[in-house]
Amino acid sequence: MEEDVKSLVDYWNIIRRRKKLVIVPTLILLLITVVVALVLPPVYQSQATILIEQQHIPTDLVKSTVVSFADERIKQIEQKVMTVDNVTKIIEKYSLYPEQKDKVANFELAEEFRKNTVLTLINANVVSQGRDKKATLAFSLSFSHKNAIVAQKITNEIVTLYLAANIKNRTERAIEATKFLEEEADKFKLEIQKIENQIADYKEKYSDSLPELLAANTSAISRTESELQQLDLRESMLNERRINLRNQLSLTSPNIIMSDNSNNIVESLSSLETQYSYLLGKYSAMHPDVKAIKRKIDNVARSSSATKENIAQNINNPVYLQLQSEIEISGLELQNISQHKQKLRNSLKEIEVRVSQTHQVERGYYDLMRDLDNQRLKYKELKSKALEAKLSQTLEEEQKAEKFSLIEPARVPSKPEKPNRFKILVLGFVLSIGIGLGLALLAEMLDSSIRGHKQLERVTGIVPIAVIPYIKNQNDKDQHKKNKKQIAMLAIILVVGAIVATHFLYQPLDILWFKVWHRISMI
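Per the UniProt record's numbering, the sequence shown starts with residue 1, numbered consecutively.
Rendered as structure tokens:
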């Protein structure tokens with residue numbers, strides 16, 4: 001069996017046979033399309049454009065504390081502006097959605113309001129640091145409503161909220177930055193005062209072992225050691241002189257005439273005293289040698305006390321008295337030297353202890369000073385940043401920094417933004433015809449009747465001898481005339497409907513005629 005391939009004539013015959021199935025659905029769908037296009041309420045959209053102006057003062061002089069990207073800030077402002085509270089106030093102010101107000105919650109109305117609000121970023125390619133990138137230069141705000149004037153007013157209301165929110169947001173950020181830096185600077189100032197107090201206490205505690213006193217202490221050690229050497233030299237000279245004086249005294253008679261026994265006792269006592277003075281100048285009074293000499297002197301003194309009294313009462317030799325006086329003076333001087341040396345030794349020990357502690361004290365002292373220097377440096381940096389933030393705050397308050405400028409205010413739209421009635425009609429017309437034709441073809445495919453000699457030949461495989469055409473009777477002629485009248489009426493209705501739709505949905509006929517005539521006259 002050969003494949004059933006239909007020609008254009010076959011399709012035309014199908015349409016003729018199934019014309020009712022084509023015309024009726026097409027007319028019904030066209031009517032529905034026209035009704036929908038007429039019934040759908042117009043929605044007007046009012047739009048405003050806001051430019052993102054750059055900072056007026058060069059950033060080299062004053063830097064802004066708001067450094068986020070423009071699109072990011074716009075999205076943040078959108079979240080702050082489009083809150084349920086703000087949207088509810090606008091809805092109540094302009095009496096929006098009256099049919100839904102008592103039926104749904106505020107947040108649902110706010111969501112509907114947000115759907116009717118459109119934010120569009122306007123980007124451009126810019127070159128920054130040798131690379132191309134997109135930057136947001138402006139953005140547009142629009143609101144859709146069935147009333148054109150209300151759409152324009154609400155768009156202006158939203159624009160006002162965006163402009164105010166941007167100023168408030170930037171100013172608050174600048175104030176927060178200034179406040180934060182000043183608070184941090186105050187913290188470092190308190191920390192500096194704390195460290196300064198610690199340093200003062202540290203200096204008071206180790207006042208004699210501070211690093212800056214190391215040179216003075218070292219010099220004091222040198223001076224003390226030098227003074228001790230001089231005292232040792234002086235002491236040695238006095239001891240030698242005293243020995244010489246005692247030797248001279250031992251060889252000198254206290255009296256011009258004196259017994260041998262008394263003279264020997266005096267010489268022995270004088271020699272012991274000389275040794276005692278020498279040892280006392282060299283050692284302390286608790287030294288064993290000093291104690292032994294002291295006991296001998298006491299014994300000799302007790303055994304010859306009477307003799308000494310007699311000698312003392314009978315001394316009349318001036319030379320002896322002079323020597324004795326010089327010995328006593330040198331003894332006193334040696335005693336003073338010994339005491340002074342002891343004081344110097346004690347002082348030297350104290351100074352050496354200070355010097356030995358200086359290295360330990362120096363480590364702690366320099367740690368405190370390093371902390372103090374670090375805190376001062378950070379404090380200085382924070383104060384400098386706080387000053388810059390204060391300038392930036394002034395910049396924001398006086399609106400000299402980056403700001404939003406309304407370059408195209410919202411206007412009352414002259415045409416609805418939707419629905420596009422012309423597109424609806426065209427699309428409905430095409431779909432109506434397509435559905436009508438589709439139904440006709442579907443009915444033809446489901447019909448198993450044999451129509452035409454070609455189809456009969458394909459089915460039977462036999463060529464018909466003759467073909468008798470369809471003979472129309474009077475009823476067929478009457479029905480044909482009736483169909484022509486119906487088609488003419490339908491055409492008139494469609495033409496009138498198209499004219500009415502054009503007048504009300506697209507453009508008034510007088511204006512359209514004027515435009516067409518103007519173009520014809522220009523030709």
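Idealized CB from N, CA, C, for every residue including glycine. Bear in mind the structure is a predicted one, so any value in this text is a computation, not a measurement.
If you reduce the DSSP assignment to three classes, tell me which class residue i lands in.
i	result
Ile462	coil
Ala306	Residue placement at Ala306 is flagged as unreliable, the pLDDT there being 47, under the threshold of 50; the coordinate-derived value follows with that caveat. Ala306 falls in the helix class under three-state DSSP.
Ile327	helix
Leu96	coil
Val104	coil
Glu3	Note on Glu3: pLDDT 48, under 50, position unreliable in the model; no value is reported.
Lys415	coil
Lys20	helix
Asn473	coil
Ser432	helix
Tyr320	helix
Met369	helix
Pro41	coil
residue 525	Here the chain covers residues 1 to 523 and nothing more, so residue 525 does not appear.
Thr252	coil
Pro508	coil
Met237	helix
Tyr276	helix
Asn420	coil
Tyr202	helix
Met286	coil
Lys400	coil
What residue does the alpha helix (DSSP H) around residue i start on, and which one ends it?
i	result
Gln45	Counting along the chain, Gln45 falls outside any alpha helix (DSSP H), though it belongs to the beta strand (DSSP E) covering 44-53.
Lys75	70-81
Who are the near neighbours of residue i in its chain, counting only those whose CB is closer than 6 Å to its CB and skipping five residues on each side?
i	result
Trp513	none
Leu348	Thr224
residue 546	This structure leaves residue 546 out entirely; the chain is present only between 1 and 523.
Asn310	Note that Asn310 scores a pLDDT of 48, beneath 50, so its modelled location is shaky; the value from the coordinates is reported in the next line. If we look at Asn310 and ignore the five residues flanking it on each side, it has no Cβ neighbours.
Leu163	Phe404
Ala306	Residue placement at Ala306 is poorly supported in this model, since its pLDDT is 47, which falls under 50; the coordinates still yield a value, given next. Cβ within range, chain order: n/a, list empty.
Ile158	Leu141
Glu396	Arg170, Thr171, Ala174
Thr117	Phe143
Could you check where the beta strand (DSSP E) with residue i kicks off and where it finishes?
i	result
Glu408	403-408
Leaving out the 5 sequence neighbours to the left and right, which residues in its chain are closer than 7 Å to residue i when beta-carbon positions are compared?
i	result
Met258	Here Met258 scores only 48 on pLDDT, less than 50, and its place in the model should not be relied on; the value that follows carries that caveat. If we look at Met258 and ignore the five residues flanking it on each side, it has no Cβ neighbours.
Trp517	none
Ile433	Thr26
Pro41	Lys146
Gly497	Val34
Glu182	Ala386
In the DSSP output, which residue or residues are listed as bridge partners for residue i?
i	result
Lys187	Answer is none; Lys187 lacks a bridge partner.
Ile122	Ala138
Phe143	Ser46, Thr117
Since residue i contacts residue j with CB under 8 Å, what's their CB separation in whole angstroms?
i	j	result
Tyr202	Leu372	Contact doesn't hold; Cβ gap of about 11 Å is too wide.
Ala410	Asn156	5 Å
Phe139	Leu121	5 Å
Val81	Leu161	5 Å
Leu141	Ala124	Incorrect: roughly 19 Å between the Cβ atoms, too far for contact.
Between residue i and the rest of its own chain, which residues show a CB-CB distance below 8 Å, the 5 nearest in sequence each way excluded?
i	result
Leu344	Thr224, Glu227, Leu228, Leu231
Ala252	Contrary to the premise, residue 252 reads as Thr rather than Ala in this sequence. Counting only Cβ-Cβ distances below 8 Å, and skipping sequence neighbours, we find Asn317, Val319, Tyr320, Leu323.
Phe429	Leu30, Thr33
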